[in-house]
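*Asks:* According to our numbering, the sequence shown holds residues 81 to 238 in order.
Idealized CB from N, CA, C, for every residue including glycine.
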Amino acid sequence: MRLDDQLCFALYAATNAVTRAYRPLLRDIGLTYPQYLVMLVLWQDGVSPIRHIADRLSLPPNALSPLVDRLEAQGLVRRERDKGDRRRIFVSLTQTGAELEAAAYRAQQQVACQTQLPHETYVELREELVSLVNQMSDAGDLDAIETPRLATVSCATA
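1. Quick check on LEU173: does DSSP put it in helix, strand or coil?
2. Would VAL148 be called buried (16 or more neighbouring beta carbons within 10 Å of its own) or exposed?
3. Taking the C-alpha atoms as reference points, what is the distance between ALA93 and ASP165?
4. Excluding sequence positions up to five away, which residues of its chain have a Cβ less than 7 Å from the Cβ of ALA183?
5. Could you pull out every residue in the same chain whose Cβ sits closer than 7 Å to the Cβ of ALA241, ignoring the five residues on either side in sequence?
6. Inspect the beta-carbon positions of GLN115 and ARG158 and report whether they are closer than 8 Å.
7. Around the Cβ of LEU106, are there at least 16 other Cβ atoms within 10 angstroms (buried) or fewer (exposed)?
8. Hey, ILE130 and PRO141: beta-carbon distance below 8 Å or not?
9. State the DSSP-derived secondary structure class of SER128, mapped to helix, strand or coil.
10. The alpha helix (DSSP H) with ARG107 in it runs from where to where?
11. Just to confirm before moving on: does the CB-CB distance between THR99 and TYR113 stay below 8 Å?
12. Tell me the residue span of the beta strand (DSSP E) that contains ARG150.
13. Hey, would you say GLY134 sits closer than 8 Å to LEU144, going by beta carbons?
14. Whole-angstrom Cβ separation of LEU137 and VAL127, contact assumed at under 8 Å?
15. In the structure shown, what three-state DSSP assignment does ARG82 receive?
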């Protein structure tokens, strides 16, 4: 049992490194990393029930309430109850929230460049991680995730 031999630790350390890289870039646009993840779902999927957002992020729905509260207070999202089923709450982007996507895209591109991974390696690593999640979800109760196509990242060298 060595720390350096543990897959879980390598994933944990990599996750911390990536989220640390995002932190100042997201702070500049007024988002925390968890808020950024919620916004990513809305930018990609559009108006969504809380349950859908929770499922996409592998979180319990009640964990989203404080995130959505803060996003709503910032004027980035709005909540509306389903007229047919008042228990269902939908979250949608405001105009301000939709406009924030361009700044978030630039932050994502900067972090991708900070990895210094060639595009092919970046794509392969992400696909391997998605495969791992899906294999683990087949063995347990995790939700499978999609493997999206990734655009080529162009990093300027200094």
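*Replies:* With the given structure in hand:
1. strand
2. With 16 or more other Cβ atoms from the protein chains shown falling within 10 Å of its own Cβ, VAL148 counts as buried.
3. 42 Å
4. Apart from the 5 residues on each side of it in sequence, ALA183 sits with its Cβ closer than 7 Å to the Cβ of ILE109 in its chain, given in chain order.
5. For the chain, the structure presents residues 81 to 238; residue 241 sits outside this window and is missing.
6. Their beta carbons are not under 8 Å apart, which means GLN115 does not touch ARG158 by this criterion.
7. buried
8. yes
9. Strand, per DSSP.
10. 87-108
11. yes
12. Taken as a continuous stretch (DSSP letters only), ARG150 belongs to no beta strand (DSSP E), being part of the alpha helix (DSSP H) at 141-153.
13. The sequence given here has Ala at residue 134, not Gly. Taking 8 Å as the cut-off, the Cβ atoms of ALA134 and LEU144 count as close.
14. At roughly 16 Å, the Cβ-Cβ gap does not stay under 8 Å, so LEU137 and VAL127 are not in contact.
15. coil
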